[in-house]
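Position 544 of the sequence shown, counted from 1, bears residue number 735 in my numbering, the numbering being contiguous throughout.
Data block below; observations after.
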Amino acid sequence: MGRIKITDTSLRDGHQSLWATRMTTEDMLPVLYNMDNAGYYSLEVWGGATFDVCIRYLNEDPWERLRTIRQEIKNTKLQMLLRGQSLVGYNHYPDDVVEKFVEKAAENGIDIFRAFDALNDIRNLETCMKAIKETGKHAQPCVVYTISPVHSVQHFVDTALRLRDMGADSICIKDMAGLLSPYASYELVQALKANLDVPIQLHTHYIGGLAIATLIKAIEAGVDIIDTASVPMAFGSSQPPVETIVRALQGTEWDTGMELHKLFEIANHFEQLRKHKGFERGVTRISDMKVFEHQVPGGMISNFHAQLEQQKASHRIDEVLEEIPRVRQDMGYPPLVTPTSQIIGIQAVLNVLMGERYKLCPGEVKDYVRGYYGKPPVPIKEEISKKIIGDEQIIQVRPADLIEPGLERARQEVAHWSDKDEDILTYALFPQVATKFFEYREGRMLEDTPQISPRDELGEELQDGQQPVVKMPSARVIEMQSRGDSEMNIDEIRELILMLDQTSVAELELQRDDCKLSLRKTVSAGQNKIETSSSSGNPVSAEENIPVASQNITEVVSPMVGTFYAAPAPDAPAFVKLGDRVAQGQTLCILEAMKLMNEIKSEVSGTIVDILVGNAEAVEYGQALFLIEKD
192 MGRIKITDTS LRDGHQSLWA TRMTTEDMLP VLYNMDNAGY YSLEVWGGAT
242 FDVCIRYLNE DPWERLRTIR QEIKNTKLQM LLRGQSLVGY NHYPDDVVEK
292 FVEKAAENGI DIFRAFDALN DIRNLETCMK AIKETGKHAQ PCVVYTISPV
342 HSVQHFVDTA LRLRDMGADS ICIKDMAGLL SPYASYELVQ ALKANLDVPI
392 QLHTHYIGGL AIATLIKAIE AGVDIIDTAS VPMAFGSSQP PVETIVRALQ
442 GTEWDTGMEL HKLFEIANHF EQLRKHKGFE RGVTRISDMK VFEHQVPGGM
492 ISNFHAQLEQ QKASHRIDEV LEEIPRVRQD MGYPPLVTPT SQIIGIQAVL
542 NVLMGERYKL CPGEVKDYVR GYYGKPPVPI KEEISKKIIG DEQIIQVRPA
592 DLIEPGLERA RQEVAHWSDK DEDILTYALF PQVATKFFEY REGRMLEDTP
642 QISPRDELGE ELQDGQQPVV KMPSARVIEM QSRGDSEMNI DEIRELILML
692 DQTSVAELEL QRDDCKLSLR KTVSAGQNKI ETSSSSGNPV SAEENIPVAS
742 QNITEVVSPM VGTFYAAPAP DAPAFVKLGD RVAQGQTLCI LEAMKLMNEI
792 KSEVSGTIVD ILVGNAEAVE YGQALFLIEK D
């Protein structure tokens with residue numbers, strides 16, 4: 192036993208758990224020097240959801256973020272979270288993509304790779320572990336902790352022994368849902384230390400309120416390294432605060448040697464940032480205490496609130512949390528960590544929203560049942576399997592063995608944007624989102640343009656006392672061409688909304704004769720939300736009800752808020768075209784919602800007479816997508 196080492200999670204899991212991963216690189220830069228000199232063992236700064244959120248919501252290059260942090264952090268190891276064969280995504284990727292990703296992550300600055308498989312199926316760690324060892328970096332595979340009839344201490348010890356044999360430099364107990372109780376942590380750490388000769392690290396979440404006691408008992412049992420966060424980034428669904436742990440251990444044999452005044456300087460930065468961004472402190476609510484029932488991990492809780500808000504279903508959070516344990520049992524008791532947390536979570540959401548269990552199942556749920564994510568701890572119930580995939584066979588091999596190499600194809604498809612390995616990898620992981628990001632980056636969309644004066648923006652001289660139409664700061668004027676009269680039609684409204692959503696403009700006001708339109712973008716922990724108002728005699732709505740002219744016409748509507756994709760991939764043909772005949776059950780489009788792809792199928796046989804949404808457009812719950820003339 193001796194001095195306890197501490198990993199800080201504020202720059203990755205802290206804001207992923209509390210702020211829906213919305214911290215930008217610019218937010219991080221001022222505090223990096225102090226964090227580098229605070230005495231941490233390592234800083235977790237990359238991986239998990241940060242990669243996806245960078246390109247999807249923040250319009251940042253995640254690779255550039257890593258390089259920037261590496262340049263500033265000179266004394267402390269940088270650490271990332273790797274989802275095994277899923278890397279930083281939600282599906283399994285080809286081996287060549289995994290190998291190149293690890294190589295480039297190491298090259299760009301990662302020292303410690305914390306890798307896990309959501310099912311503790313170590314076959315899914317083989318490729319990334321080998322790749323990590325080849326880079327000479329530190330390989331830290333995880334034992335994913337959960338509670339179920341099959342997850343015993345011996346189960347976790349057996350898993351850890353197999354990970355050690357794969358070349359683990361250390362092993363992490365990953366308690367992503369804060370389920371590990373103090374005495375259970377003592378028993379588990381003691382068992383692992385008795386059977387292993389590599390360092391043991393403990394990662395837990397505060398969400399149920401046990402985390403500080405859990406860490407203390409783990410320290411007494413001999414754990415080597417623990418995860419904490421700066422106090423403004425702690426509590427709630429995040430990690431326990433470093434300041435509390437450091438003070439608790441002062442004067443003991445486990446004293447960290449860290450100085451509290453340095454930690455409070457760091458905390459002050461994050462507290463000011465929290466206030467500026469308008470985020471609440473981490474708190475434990477009654478619904479959070481139910482973690483011992485639903486087992487939803489910390490990062491997923493904040494995302495659930497944001498995603499249900501998008502679906503206009505925030506009031507149904509308790510129903511969803513009650514449904515999750517039932518879905519988890521149906522699916523063979525997988526630990527709820529990405530990507531299985533998303534898979535189980537969205538299925539629970541859909542079961543609640545649809546009013547019928549397993550009426551709509553995303554492709555990822557079907558792939559999970561087919562075995563494409565690995566082997567669940569317990570076989571899936573046959574009646575559930577049959578309802579989701581029918582009579583299809585469940586695979587028995589390592590899932591990635593069935594995936595064709597993907598790197599060269601991605602290289603070809605992204606060639607007109609970039610030939611950099613990092614961009615190719617970004618596209619290989621998230622082709623649809625990466626395409627939009629590359630288009631944004633190419634156009635710059637005013638993000639790097641200094642604020643323009645009202646004269647320049649409007650293109651004409653403002654008279655004394657005249658106010659610009661656009662409200663500053665972060666505003667933009669879009670000049671609309673008249674389309675025959677003074678009223679704005681729905682296409683103009685949609686164009687304005689799309690342009691506003693894709694820029695940093697916060698508010699826009701447009702006036703034409705007797706019609707005035709105001710658009711305001713409000714930012715929450717989830718996605719941007721655009722509000723519209725009109726002061727004309729004829730109100731303008733951001734949504735238009737499209738009449739169905741014939742009783743023989745069926746309207747296909749969106750079952751949720753999401754993004755509409757007409758094709759399975761950017762380079763693939765559309766599922767259907769105008770005039771196509773479709774059969775009942777045929778896929779019409781993909782709707783991306785809550786980070787998963789949902790195939791929308793036709794409920795009738797007939798002919799496509801109208802396609803009402805463009806590719807990659809955002810759609811609302813209940814919005815019409817297609818019109819089908821029934822046979």
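No residue lacks a Cβ here, since even glycine has one placed at the ideal position from N, Cα and C.
Measuring alpha carbon to alpha carbon, tell me which of Gly523, Pro761, Met271 and Phe621 ends up nearest Glu573. Nearest C-alpha to Glu573: Gly523.
Mind checking which residues open and close the alpha helix (DSSP H) that includes Lys384? Element bounds for Lys384: Pro373 to Asn386.
Which of helix, strand or coil does DSSP assign to Thr443? Three-state DSSP puts Thr443 in coil, outside helix and strand.
Where Gln270 sits in the DSSP three-state scheme: Strand.
Below 8 Å on the Cβ atoms is my contact criterion, and I expect Ile362 with Val334 to pass it. Report the Cβ-Cβ distance as a whole number of Å. With a contact defined as Cβ atoms closer than 8 Å, Ile362 and Val334 qualify at about 6 Å.
Which one or two residues does DSSP pair with Ser233 in a beta bridge? Answer by DSSP bridge pairing, in chain order: Thr198 and Lys268.
Determine which residues share a DSSP beta bridge with Val183 and list them. Examination of residue 183 is not possible in this model, given that the chain is present from 192 through 822 alone.
Extent of the continuous alpha helix (DSSP H) to which Met545 belongs: The continuous alpha helix (DSSP H) containing Met545 extends over residues Thr531 to Met545.
CA-CA distance, Asp762 and Gly562? Distance between the alpha carbons of Asp762 and Gly562: 27 Å.
Within a Cβ cutoff of 7 Å, which residues of the same chain sit near Ala229, ignoring the five residues on either side of it in sequence? Apart from the 5 residues on each side of it in sequence, Ala229 sits with its Cβ closer than 7 Å to the Cβ of Met449, Lys453, Leu454 and Ile457 in its chain, given in chain order.
Relative to the C-alpha of Pro419, which residue among Pro332, Asp199 and Ala409 is closest? Checking the sequence shown, residue 419 turns out to be Thr, not Pro. Residue Asp199 holds the alpha-carbon nearest to the alpha-carbon of Thr419 among Pro332, Asp199 and Ala409.
Check whether the Cβ atoms of Arg602 and Ile594 sit closer than 8 Å, and answer yes or no. No Cβ-Cβ contact shorter than 8 Å links Arg602 with Ile594.
Sequence-distant residues of its chain with Cβ nearer than 7 Å to Asp287 (five each side left out): Taking Asp287 as the centre and dropping the five residues before and after it, the same chain places the C-beta of Pro596, Gly597 and Leu598 closer than 7 Å to its C-beta, in chain order.
8 Å Cβ cutoff met for Ala359 and Val380: Cβ distance not < 8 Å, so Ala359 and Val380 don't count as in contact.
List the whole-angstrom C-beta distance separating Gln486 from Thr350, where the pair is believed to meet the contact cut-off of C-beta under 8 Å. That pair is no contact at about 18 Å.
Using the C-alpha atoms, what's the distance from Lys550 back to Asp822? Taking the Cα positions, Asp822 is about 24 Å away from Lys550.
Nearest to Ile179 by CA position, among Leu354, Gln498 and Val795, is which residue? Beyond the ends of the chain as shown, which are 192 and 822, falls residue 179; an answer cannot be given.
Within its chain, find whatever has a CB closer than 7 Å to the CB of Cys823; leave out the 5 residues flanking it on each side and keep chain order. Because the chain here runs from 192 to 822, residue 823 falls outside it and cannot be looked at.
Taking only the alpha-carbon atoms, compute the straight-line gap between Pro431 and Val747 and give it to the nearest angstrom. Answer to the nearest angstrom: the Cα atoms are 47 Å apart.
Is the beta carbon of Val556 less than 8 Å from the beta carbon of Ile534? Closer than 8 Å, so yes.
With a CB to CB cut of under 8 Å and the five nearest residues on each side skipped, what residues in its chain are close to Asn266? Cβ within range, chain order: Asp227 and Asn228.
May I have the straight-line CA-CA distance separating Tyr756 from Val605, to the nearest angstrom? Approximately 19 Å between the Cα atoms of the pair.
Residues in its own chain within less than 6 Å of Val348 by CB, not counting five upstream and five downstream? The residues are Ala382 and Asn386.
Under a Cβ-count criterion, where at least 16 other Cβ atoms within 10 Å of its own Cβ denotes burial, should Gln331 be classed as buried or exposed? Buried: at least 16 other Cβ atoms inside 10 Å.
If you check the beta carbons only, do Leu310 and Phe483 fall under 8 Å apart? Between Leu310 and Phe483, the C-beta spacing is not below 8 Å.
If you reduce the DSSP assignment to three classes, tell me which class Arg825 lands in. Within the shown structure, residues of the chain are numbered from 192 to 822, placing residue 825 beyond reach of any answer.
Exposed unless 16 or more other CB atoms sit within 10 angstroms - verdict on Thr531: Under this definition Thr531 is a buried residue.
Helix, strand or coil for Ala402 per DSSP? Correct three-state label for Ala402: helix.
Val279 and Phe242: beta carbons closer than 8 Å? The answer is yes: Cβ separation under 8 Å.
Can you tell me whether DSSP reads Ala420 as helix, strand or coil? In the structure shown, Ala420 sits in a strand (DSSP, three-state: E or B).
In the structure shown, what three-state DSSP assignment does His460 receive? The DSSP-derived three-state label of His460 is helix.
Where does Ile791 fall in DSSP's three states? Strand, per DSSP.
If distances are taken between C-alpha atoms only, which option among Phe817, Val810 and Glu808 comes closest to Leu779? It is Phe817 whose Cα lies nearest to the Cα of Leu779.
Straight-line CA distance for Arg194 to Arg519? A direct Cα-Cα distance of roughly 39 Å separates Arg194 from Arg519.
Using alpha carbons as the reference points, say which of Glu251, Ala375, His346 and Glu500 lies closest to Pro568. Ranking the options by Cα distance to Pro568, first place goes to His346.
Under a three-way DSSP split, which group does Gly634 fall into? Of the three classes helix, strand and coil, the one that applies to Gly634 here is helix, per DSSP.
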